[in-house]
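Trainee: Protein sequences, first through last, are from chains R and A.
Residue numbers for the first sequence follow this note's numbering, beginning at 1177 and rising by one.
Residue numbers for the second sequence follow this note's numbering, beginning at 33 and rising by one.
Every residue, glycine too, gets a C-beta built ideally from N, C-alpha and C.
All values reported here derive from a predicted model rather than from experimental measurement.
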Amino acid sequence: MAEVTTSLFAPATRPAPVAAPVRQVPTQRPTAQPRSPRRWGWLTGAILPVALLVLWEVLARLGVLRANLLPAPSKVLATIVELARTGELWGHIGITLVRVALGFVLGGALATVLGAATGYSRRLFHLLDPLLQGVRNIPSLAWVPLFILWMGIYETSKVVLIAVGVFFPVYLNLMNGVQGVDRKLVEVGRVHRLSGWQLVRRVFLPATLPAYLVGLRSGLGLGWMFVVAAEIMGANKGLGFLLVDGQMTGRPQTILASILLFAVLGQLTDAGLAALSRYLLRWQDTHGQESNG
Amino acid sequence: MLRIEHISKQFDSGTTALADVSLRVQPAEIVALVGASGCGKSTLLRIVAGLDAPSAGRVFINDEPLAGPNAAVGVVFQEPRLMPWLTVRENVRFGLADLAQAEQNARTDAVLERVGLTNFAQAVPRQLSGGMAQRVAIARALVAQPALLLLDEPFSALDPFTKMDLQEHLLHIWAYDRPTLLLVTHDLEEALVLADRIVVLRGHPGHIHEMVRVELPRPRRRTDAVFQAYKQRLLDALDVRAAVAV
Ligand SMILES: Nc1ncnc2c1ncn2[C@@H]1O[C@H](COP(=O)(O)OP(=O)(O)OP(=O)(O)O)[C@@H](O)[C@H]1O
Ligand SMILES: [Mg+2]
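#1: With a cut-off of 8 Å, do at least 3 Cβ pairs link the stretch 1339-1347 of chain R to the stretch 1302-1318 of chain R?
#2: Does at least one heavy atom of ligand 1 sit under 7 Å from the Cβ of A:H218?
#3: Go through its chain and collect everything with a Cβ distance to R:R1393's Cβ below 8 Å, but skip five positions before and after it.
#4: Measuring straight from C-alpha to C-alpha, what distance separates R:P1225 and R:N1352?
#5: Check the C-beta distance from R:Y1347 over to R:A1287 and give it rounded, since I have them as a contact under 8 Å.
#6: Determine which residues share a DSSP beta bridge with A:T240 and list them.
#7: Return helix, strand or coil for R:D1461, following the three-state DSSP convention.
#8: Would you call the CB atoms of R:G1295 and R:L1350 closer than 8 Å?
#9: Would you kindly work out how many angstroms separate the C-alpha atoms of A:A60 and A:L213, rounded to a whole number?
#10: Run down chain A in chain order and give the residues with a C-beta less than 7 Å from the C-beta of R:D1461.
#11: If you measure between the beta carbons of R:R1261 and R:A1248, is that distance less than 8 Å?
#12: Run through chain R and tell me which residues come within less than 8 Å of A:L131, C-beta to C-beta.
#13: Of all Cβ atoms in chain A, is any one closer than 8 Å to the Cβ of R:P1306?
#14: Do the stretch 93-107 of chain A and the stretch 75-85 of chain A meet, that is, are 3 or more Cβ pairs less than 8 Å apart?
#15: Given the structure, does A:K73 come close to ligand 1, in the sense that its CB is under 7 Å from one of the ligand's heavy atoms?
#16: Within 10 angstroms of its Cβ, does A:P192 collect 16 or more other Cβ (buried), or is it exposed?
#17: Identify whether A:F187 lies in helix, strand or coil by the three-state DSSP scheme.
#18: Between A:L220 and A:F259, is the Cβ-Cβ spacing less than 8 Å?
#19: Apart from the five residues on each side of it in sequence, which residues of its chain come closer than 6 Å, Cβ to Cβ, to A:E37?
#20: Using the Cβ count rule (16 or more neighbours within 10 Å means buried), how would you classify R:K1360?
#21: Whole angstroms is fine: what's the gap from R:K1251's alpha carbon to R:L1418's?
#22: Where does A:I93 fall in DSSP's three states?
#23: R:G1476 and R:G1395 look like a contact to me (Cβ under 8 Å); what is the Cβ gap, rounded to whole Å?
#24: Whole angstroms is fine: what's the gap from R:V1276's alpha carbon to R:V1404's?
#25: Checking contacts by CB at 8 Å: is R:V1555 closer than that to chain A?
#26: At least one CB of chain A closer than 8 Å to the CB of R:P1345: is that the case?
#27: Using a Cβ-Cβ cutoff of less than 6 Å, which residues in the same chain neighbour A:A155 once the five nearest sequence positions on both sides are dropped?
#28: Hey, which unbroken runs of the beta strand (DSSP E) at 3 residues or more fall wholly within the stretch 148-230 of chain A?
#29: Just how far apart, CA to CA, sit R:R1427 and R:P1345?
#30: Indicate, with yes or no, if ligand 2 has a heavy atom lying under 7 Å from the CB of A:E185.
#31: If you draw a straight line from the C-alpha of R:G1291 to the C-alpha of R:A1383, how long is it?
#32: Less than 8 Å between the CB atoms is what I'm expecting for R:H1368 and A:A227, so what's the real figure, rounded?
#33: Measuring straight from C-alpha to C-alpha, what distance separates R:P1197 and A:E247?
#34: Which value, in whole angstroms, describes the spacing of the CA atoms of A:A173 and A:V232?
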């Protein structure tokens, strides 16, 4: 617009128009401007949790809360510090992380293959999807006895259970993502005579990435949920073991420490995936893009 | 250059979109297809693009029978259809696959220059205005230097100023290596500004009702009396006198 009208009619007195200045810095995301509102948002979000923690601590110290049911936050922290000091903590965290990672990779990989296949091919969709949807309707924890029977109480059954949890969100999101790829963009690929694999790599893959990453994130969330179940059902190490151990020995601070560690680890791994998503999807033009820190 | 012979198209749904359409287009000729909505213009263009197969009839490009998308044919759709994850430059390069890297780069830069988007080469589609995005789409279609360029209402979503600007621009680009242009449009003035020949489609199923050769020197002035006379003639051919206020 500006080009057309100004080149023809701009009177000499009017200041010379600057050609589209905003669009000249395409590769850099604006950093300075959205910072301050985002930080304020973060602070606002911290008010309630901090207030609750302080209240909890005070009530615990005053003896209003019974220490054998709900120990003070400081005592929970001290438990974690103690576990870290003896070195025991790293063993628990390590084995839990390994289980989640293995289950995530196993379930995620299988879901990627099947989700891509059923999304891409109508025929495979009709062949496989009813079965998978049927299996999905079984509450996943119902598998536990069977898995233990088949694979024993040790690592295999745990990893497989976590993989089952990870599988479905990844599968569903990827399949829907592939099926939802804009036909118009696919046509552009066809007009340029892309072969099957090129079409997948240059159109389907990038177009599906947003849905796939959403699937991976919710899959990871379920992975953390299922590792708790897997470790509660029998383990001698891991954060889930700490839960059971705290219960058996009547030490709620151990249980709370374990819960806190689960929360922190879950949050950290999710934040990692979220950062990866933001990096991979920086081309996206969406509403939440700038604020969704 | 392009030969369309007795094309008919019936969709699976039962709709017959085209009935026995035949058309010959010379090299470097600019042909506009006009006609009421739903008369099969897009369908015809998609068949020539190799995206849909005709139910009957054949298409020849340089005497080769057409079977699917063809390297000699470039397509510009009504929407820019840019890949949102690619930069402007990468989107244009999308039109080139089997060339050496250096050649790809040189051609991409050259065509970006021609559509005036060199400064936006690193931008991503969401940073572009509608007119700029459509220029990128044109660049992507041109970068492989097709002998035939198909355009389906390429400017219909743009405001009048940008539209006229891009029409000029298209002629300018066309003059560079003079591809054959087959252009679908609803806009009779657009057809009259650009085309050597205007094909009027009518009816359900669509068939060729009339062809009008535009014998006006370029650049053409919309306010010109002869131009307006041509426009009236097209309106008559389309039988829309009553519906359109000129
Ligand atoms: N994929 C399809 N399946 C079934 N019918 C279709 C399909 N595409 C188009 N049609 C029908 O074919 C006829 C011609 O459609 P087409 O899109 O070619 O019209 P058009 O002349 O391009 O219209 P417009 O000017 O509105 O773009 C219409 O009746 C339409 O409903
Ligand atoms: Mg159309």
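Mentor: Well, looking at it:
#1: yes
#2: Along the second sequence, read from residue 1 onward, the residue named residue 218 of chain A stands at position 186. Answer for A:H218: yes, Cβ within range of ligand 1.
#3: As a working note, residue 1393 of chain R is residue 217 in the first sequence. So the list reads D1446, L1449, A1450, S1453, once near-sequence residues are dropped.
#4: Numbered from 1 along the first sequence, position 49 holds the residue referred to as residue 1225 of chain R. Numbered from 1 along the first sequence, position 176 holds the residue referred to as residue 1352 of chain R. Taking the straight line from one Cα to the other gives about 37 Å.
#5: Translated into positions along the first sequence, residue 1347 of chain R becomes position 171. Translated into positions along the first sequence, residue 1287 of chain R becomes position 111. At roughly 4 Å, the Cβ-Cβ gap stays under 8 Å, so R:Y1347 and R:A1287 are in contact.
#6: Within the second sequence, residue 240 of chain A is the residue found at index 208, counting from 1. According to the sequence displayed, residue 240 of chain A carries Ile and not Thr. According to DSSP, which records beta bridges pairwise, A:I240 is partnered with A:L233.
#7: The count along the first sequence starts at 1 and reaches residue 1461 of chain R at position 285. Of the three classes helix, strand and coil, the one that applies to R:D1461 here is coil, per DSSP.
#8: Taking the first residue of the first sequence as position 1, residue 1295 of chain R is located at position 119. Taking the first residue of the first sequence as position 1, residue 1350 of chain R is located at position 174. The answer is yes: Cβ separation under 8 Å.
#9: If you number the second sequence from 1, residue 60 of chain A lands on position 28. If you number the second sequence from 1, residue 213 of chain A lands on position 181. Computed Cα separation, rounded: 7 Å.
#10: As a first step, residue 1461 of chain R must be located in the first sequence, where it is residue number 285. Here the neighbours are P116, R158.
#11: The sequence position of residue 1261 of chain R within the first sequence is 85, counting from 1. The sequence position of residue 1248 of chain R within the first sequence is 72, counting from 1. Taking 8 Å as the Cβ cut-off, R:R1261 and R:A1248 do not qualify as a contacting pair.
#12: Position 99 of the second sequence, counted from the start, is the residue given in the question as residue 131 of chain A. Result: empty, since nearest Cβ-Cβ is about 13 Å, beyond 8 Å.
#13: As a first step, residue 1306 of chain R is located in the first sequence; it is residue number 130 there, counting from the start. Residue contact with chain A for R:P1306: absent (no Cβ-Cβ distance below 8 Å to any residue of chain A).
#14: They touch, by the three-pair rule.
#15: Locating residue 73 of chain A in the second sequence gives position 41, where the first residue counts as 1. Yes - ligand 1 has a heavy atom lying nearer than 7 Å to the Cβ of A:K73.
#16: Reading the second sequence from its first residue, position 160 is the one you call residue 192 of chain A. With fewer than 16 other Cβ atoms within 10 Å, it is exposed.
#17: Counted from its first residue, the second sequence places residue 187 of chain A at position 155. Coil.
#18: Within the second sequence, the letter at position 188 stands for residue 220 of chain A. Within the second sequence, the letter at position 227 stands for residue 259 of chain A. No, these two residues do not count as a Cβ contact at 8 Å.
#19: Here residue 37 of chain A corresponds to residue number 5 of the second sequence, with the count starting at 1. For A:E37, where only same-chain residues beyond five positions count, the Cβ hits under 6 Å are S54, G89, R90.
#20: By one-based count along the first sequence, residue 1360 of chain R stands at place 184. When all chains shown are included, R:K1360 counts as exposed.
#21: On the first sequence, residue 1251 of chain R is found 75 positions in, with the first residue counted as 1. On the first sequence, residue 1418 of chain R is found 242 positions in, with the first residue counted as 1. So the alpha carbons of these two residues sit roughly 16 Å apart.
#22: Here residue 93 of chain A refers to the residue found at position 61 of the second sequence. A:I93 falls in the strand class under three-state DSSP.
#23: Because chain R spans 1177 through 1469 in this model, residue 1476 of chain R falls outside it and cannot be assessed.
#24: Sequence index remark: in the first sequence, residue 1276 of chain R carries index 100 (1-based). Sequence index remark: in the first sequence, residue 1404 of chain R carries index 228 (1-based). Using only the alpha carbons, I get a separation of about 10 Å.
#25: With chain R covering 1177 to 1469 only, the question about residue 1555 of chain R has no answer from this structure.
#26: In the first sequence, residue 1345 of chain R corresponds to position 169, counting from 1. Not one chain A Cβ lies under 8 Å of R:P1345.
#27: Here residue 155 of chain A refers to the residue found at position 123 when the second sequence is read from its first residue. Correct list, in chain order: V120.
#28: 180-184, 212-216
#29: Position 251 of the first sequence, counted from the start, is the residue given in the question as residue 1427 of chain R. Position 169 of the first sequence, counted from the start, is the residue given in the question as residue 1345 of chain R. Going from the Cα of R:R1427 to the Cα of R:P1345 covers about 35 Å.
#30: Locating residue 185 of chain A in the second sequence gives position 153, counting from the first residue. It does: the Cβ of A:E185 is within 7 Å (strictly closer) of some heavy atom of ligand 2.
#31: Taking the first residue of the first sequence as position 1, residue 1291 of chain R is located at position 115. Taking the first residue of the first sequence as position 1, residue 1383 of chain R is located at position 207. Approximately 14 Å between the Cα atoms of the pair.
#32: Translated into the one-based positions of the first sequence, residue 1368 of chain R becomes position 192. Translated into the one-based positions of the second sequence, residue 227 of chain A becomes position 195. Actually they do not touch by this definition, with Cβ atoms about 26 Å apart.
#33: By 1-based counting over the first sequence, the position of residue 1197 of chain R is 21. By 1-based counting over the second sequence, the position of residue 247 of chain A is 215. Any reading at R:P1197 needs caution, since the residue's pLDDT is 40, under 50, leaving its predicted position unreliable; the model's value is listed next. Between R:P1197 and A:E247, the C-alpha separation is close to 43 Å.
#34: On the second sequence, residue 173 of chain A is found 141 positions in, with the first residue counted as 1. On the second sequence, residue 232 of chain A is found 200 positions in, with the first residue counted as 1. Going from the Cα of A:A173 to the Cα of A:V232 covers about 25 Å.
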